[in-house]
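Report on the structure given below.
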Amino acid sequence: MTNTINTSTIALSLHTLNGKTVPAVTSLQVAEAFGKKHFHVLRDIREIMLKCSESFNASNFGFSTTKDAKGEERPMRLLSKDGLLMVTM
Numbered sequence: 009m010t011n012t013i014n015t016s017t018i019a020l021s022l023h024t025l026n027g028k029t030v031p032a033v034t035s036l037q038v039a040e041a042f043g044k045k046h047f048h049v050l051r052d053i054r055e056i057m058l059k060c061s062e063s064f065n066a067s068n069f070g071f072s073t074t075k076d077a078k079g080e081e082r083p084m085r086l087l088s089k090d091g092l093l094m095v096t097m
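Using our numbering, the first residue of the sequence shown is number 9, and each one after it goes up by one.
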């Protein structure tokens, strides 16, 4: 079985992670690109963060929020290129 990624849905934009402005994607973009539910992507990120050093996590996984359809704040993660690679490997 092959996994395909819809790269048209992943657009890098500049975000601040650990005081540095870096190109990053959101966990929502990752979920959409891989056809996964967002809460599953957040779960996968949490599991990966448990295995990585605090300095790696701070530099590659930022916390943010997004508003859902009802206008309520929901958690979202920002992922640097290295963070994205860790999640997708």
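Glycine included, every Cβ here is placed at the ideal spot set by N, Cα and C. For clarity, every value in this text was computed on a predicted model and none was experimentally measured.
Inset, instruction - Using DSSP bridges, identify the partner residues of residue 47. - result: DSSP output for residue 47 lists no bridge partner at all.
Inset, instruction - Would you tell me roughly how many angstroms separate the C-alpha atoms of residue 87 and residue 79, rounded to the nearest one? - result: Put simply, the backbone Cα of residue 87 is about 23 Å away from that of residue 79.
Legend entry - Spatial neighbours of residue 90 in its chain, beta-carbon cut-off 7 Å, leaving aside the 5 residues before and after: Excluding positions up to five away in sequence, the list reads 68.
Inset, instruction - Helix, strand or coil for residue 20, going by three-state DSSP, please let me know. - result: coil
Inset, instruction - Assign residue 27 to one of two classes, buried (16 or more other C-beta atoms within 10 Å of its C-beta) or exposed (fewer than that). - result: exposed
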